[in-house]
Amino acid sequence: MSTKSAESRENSPDGPEGSSEKRLSKKRKVLSCYACRSRKMKCDRVFPVCGRCQKTGRADQCTYDPRLIEEAPVNGDGHVESTPTFGPSDQTAITNLPTDTLQWRLRVQERRIQVLEKKLSSVENPKPNLSGVSVLQFHDSSLEEPQLGEEIMFRGKSFKTQFTGTTSHLSAAGQFPELQVFTRQALATDGSNMHRVRNDFKAFRERKKILRQEQQINFTNGPDDEIFRLLPEKTIVDQQMTKYFRSWETSYRILHEPTFWKDYQKFWERSSNDKFATIFAVILLYIGVITKCDTPNDMNVFVGDSSADRDDASNIVVSCDAWLALQPRKQFTLNFFQIHCLSVLAKRVNCLRLKQDWVNTGEVMRLALATGLHRNPSLIACGRISEYEKEMRRRLWVTIAELELQSSIDSGLQSSLCGLYFDAQPPANLPDDVFSPDMPQIPAGRPTEYFTSASYLSVTLKSLPLRVHLLQLLNNPTNNLRYSDVLHYDSQIASLLSSIPTWEDPRSLIASSLLSLQLRQFLLILHRPYARLAAKHQQYSYSLTVCVDASSALIASYETLVSKGLLALNHARNDILRAGITLSQAVYYNCTLHTNPSPKSESPGSNQPLHPMDIGTAAMGKVPFQSKIEVKVANLPKHNHFARILCVTALELLEKVRELFEAKLLRLGTGYVEYWLLCAAIAFMPPPNPTSAPEASSPEHTAEDLRARCRNAMERVVSLCFRILALQKDPQNGFSTALRTLALTPSPSAPTPAAAMSYVSGDSSSISPNIPGPSGMAAALTDEQNLGVFLNNLQDMPFDPSGWEFTNFWDFDMDGIY
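Mapping to UniProt numbering: the sequence shown position 737 is 737, numbers consecutive.
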């Protein structure tokens, strides 16, 4: 056995007294510092000086094994991280180093510690400048983060409450209190007939609910017969099926087209209504509902507040959902999942039961998880599943995941995908006609540059982890998102957007648009809170630019789709409304604001006459509306030319938003509250080409400007309301008669404070809405004296605006029948 040299013993981990019998290659790394180890004390292993040595004043004696310092990284807390085992190559590399090299490394580490100690001492005890000469020194200051509150909508009482999280477009609308006050001022007019209007709306809806309940009661007597009764003739069904495969089956994949057409032919050639025929009839009905309103209809008419096509779709959905609820869930089949996916899509496209959408899609997701659609189908024993079934499982899994994720985003609630492990392989990028249920092997998928009906599914999976992560992050109030994090996720989204393939196939329009829309919506969610602050903090100007750019891209996509007669995405998604809310907030808070010289509101205990809008509130025993928000008139910024250009561009985009949402409302007959908010927001904004400079605005001019904007908002809603009234399918139904009677009945006078009435002035007969349509009733209404009284009391909304806040407009919701 060879004897170690004194130099080797002196530099060993055990110090000079270390055993000469141990070989250096056998030495284990010492995790504690030498000072604590020699005293047999517990060491917290903080690098460069442990806590015990720091407290006892022996910082100069605190040294670590150089091998540990050289190999182990240091985490953010200053602790030396170590691994349980070390590879033999690392051990050999250390032991083969000469002792001079180890000594040099140890001295380098000691010098680093001394430098750090000096810097720390200079920061804690800065030396005074005795010479009197100013010293230029750069101090790197970190960006101060703004205090952003949690953006939620949580209203109701007892257990009759409703909640939406940060990613919901409705929660974003609640972050604009100035618009809330502006809408109240716009509606501050004679409200004596307000209860009659509200009761007419409520009574009409109650009658519709009773009819559906009776339909469900009768439905239990013969569910299958009712399904076949609802089925239209074959020529109409042929058109509906063709439209469906040209639109939705180019993105969400639910059906296999060749297999479907074979079953379709068998269905019409059937001799009896067996179980297969009933299941297939339900599929046909759901597809018919999906295509009911997805194309323009020049002959569109209304049944009350809903379009006739949407009303028919609602009746079919009620019957099909009732049939589906009666089916057993012991054995899941391919048709079972197809019907559930079609049911979710049918309600979403027609804006039916939107408040239950997150619950419904979550139920389908849990059924998919219970069936194992999220796992690799190859894990199933060989011979118990075909290759065709494997591919259909992959397609259905991605489709269900996308439907459930988007519903979670719109609701501001967590998705079942958050924290979920799934190893299902991506669907193959193959057209349907290259594989069939009889094939023993599925062909290899084509490159993503080649568009097929399954291309969307294969590409969307690339961005799915990021979207799930952002959903979980944004809807968790404990995660303090910093602006640097926003910029980080912005770059990741931009990278994914640039990676979307550019397909030349005209069938790819919906797929390409959907891939872009589902990413750009997160740009609006991330940057909107900071875009509001761009006028006060220049570093957030980028967020203002991103909001305008992302909204412009969203609007351009929808304009392209609408120009080609494809309305499905505009009906099924809320991107247009989200863009409108984002742009209106960004413009208002980056404009020059002038105070409105209106009288101060009286305290609740004053003896002032009760405001007409608060009559209904007081009658119901509620506290009248009290707002401390001061409404200011917005004018375009003058000195910041870049912000002015962005605001002017945003104002042009806002008008396009209103047109797109109005087209959706006139096709479906839903979204009246949202349309009113958009009209009020646009009227609240400054004109793109102002006639006078902001500095020249006098207090009287500011008040008149605000009154003019209120009238502008009301006139837009007046025009739309009369268009719907003129397009009634049955002009003599109770709903139309009640509204027509109210429009032609002068309202009795009511005590009105002058301050409240100052917001809405002018002759009501000056409002001249454009009323298209063949009905002679509309022409007769235009000749009446009190035309403005009708909508001033109606407000195009079946809810009581007394004390209205954005968090309360669900009371008489028109966004869905139920």
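Heads up, the beta-carbon is just placed ideally off N, CA and C, and yes, glycines get one too.
What's the C-alpha gap between residue i and residue j?
i: I629; j: N590; result: 18 Å
i: I510; j: K632; result: 42 Å
i: T670; j: S408; result: 21 Å
i: L324; j: N297; result: 30 Å
i: V717; j: D305; result: 14 Å
i: A186; j: T582; result: 21 Å
i: L533; j: V548; result: 14 Å
i: Q472; j: G362; result: 16 Å
i: E355; j: Y530; result: Here the sequence assigns Lys to residue 355, which means Glu is not the residue at that position. The straight-line gap from Cα to Cα measures roughly 29 Å.
i: R229; j: R507; result: 34 Å
i: D410; j: Q327; result: 30 Å
i: F435; j: I442; result: 6 Å
i: H571; j: T448; result: 28 Å
i: L794; j: L405; result: Note that L794 has pLDDT 33, beneath the 50 cutoff, so the model's placement of it is unreliable and the number below is only indicative. Looking at the two C-alpha atoms, the distance is approximately 37 Å.
i: S458; j: Y244; result: 20 Å
i: A72; j: L396; result: Note that A72 scores 48 on pLDDT, short of 50, meaning its location in the model is unreliable; the coordinates nonetheless yield the value given after this. Each residue's alpha carbon lies about 46 Å from the other.
i: Q109; j: K119; result: 16 Å
i: T502; j: Y456; result: 12 Å
i: A755; j: D705; result: In this prediction, A755 has a pLDDT of 33, which is less than 50 and means its spatial position is unreliable; nothing more can be read from the coordinates.
i: H169; j: R528; result: 11 Å
i: Q54; j: Q114; result: 14 Å
i: Q240; j: I290; result: 9 Å
i: A550; j: L523; result: 7 Å
i: G565; j: H639; result: 43 Å
Between residue i and residue j, is the Cβ-Cβ spacing less than 7 Å?
i: V49; j: A35; result: no
i: E151; j: Q175; result: yes
i: V648; j: P688; result: yes
i: E249; j: R482; result: no
i: Q521; j: N475; result: no
i: A681; j: S543; result: no
i: R348; j: L668; result: no
i: V587; j: M685; result: yes
i: A726; j: A683; result: no
i: A424; j: N376; result: yes
i: D294; j: A568; result: yes
i: H374; j: F336; result: no
i: V468; j: C418; result: yes
i: I227; j: V282; result: yes
i: P437; j: Y388; result: yes
For residue i, collect the residues of the same chain with a Cβ closer than 8 Å to its Cβ; drop the 5 residues on either side in sequence, then sort them by chain order.
i: A444; result: A428
i: T452; result: N429, L430, P431 and R446
i: P637; result: A535, N590, C591, T592, A643, R644 and C647
i: D44; result: C50, G51, R52 and H79
i: S553; result: Correcting the residue identity first, residue 553 is Ala in this sequence and not Ser. Around A553: S516 and R520.
i: K462; result: L496 and S499
i: N300; result: S307, A308, D309, L666, R667 and L727
i: F661; result: I576, L577, G580, G671, E674, Y675 and L678
i: W268; result: K234
i: R37; result: V30 and C43
Could one say the Cβ of residue i lies closer than 7 Å to chain D's Cβ atoms, at least one of them?
i: L405; result: Of the chains in the structure shown, none is chain D; there is only one protein chain.
Below 7 Å CB to CB, which residues in the same chain sit around residue i once its five sequence neighbours on both sides are set aside?
i: S557; result: S513, S516 and L517
i: S171; result: E151, I152, M153, T164, G165 and G412
i: L526; result: V486, Y489 and D490
i: M392; result: H256 and L334
i: P477; result: E150
For residue i, I'd like the list of residues in its chain whose CB is within less than 6 Å of its CB, leaving aside the five on either flank, ordered along the chain.
i: F86; result: Below a pLDDT of 50, predicted positions are generally treated as unreliable, and F86, at 34, falls in that range; the measurement from the model is reported next regardless. Here the set comprises nothing.
i: F332; result: T371
i: K656; result: I555
i: T368; result: The sequence given here has Ala at residue 368, not Thr. Result list for A368: I400, in chain order.
i: Q61; result: A35
i: I724; result: F302
Quickly, what does DSSP pair residue i with across the bridge? List them, please.
i: M241; result: According to DSSP, which records beta bridges pairwise, M241 is partnered with nothing at all.
i: V633; result: H594
i: K157; result: K160
i: F302; result: S307 and Q728
Between residue i and the ligand MN, is the CB less than 6 Å from at least one heavy atom?
i: L668; result: Only the bare structure without any ligand can be found here, which leaves the ligand MN out of the picture.
Should the region 497-509 be regarded as contacting the region 154-162, the criterion being three or more beta carbon pairs within less than 8 Å?
Not touching, per the Cβ criterion.
Does the pairing of the region 303-320 with the region 256-268 give three or more beta-carbon distances under 8 Å?
Under the 8 Å Cβ criterion, the region 303-320 does not count as touching the region 256-268, having fewer than three qualifying pairs.
When the Cβ atoms of the region 330-342 are set against those of the region 393-405, are three or more pairs found closer than 8 Å?
Flag = yes, the region 330-342 and the region 393-405 touch.
Count the CB pairs spanning the region 649-663 and the region 270-281 that are closer than 8 Å, and state whether there are at least three.
Taking a contact to require three or more Cβ pairs closer than 8 Å, the region 649-663 and the region 270-281 do not qualify as touching.
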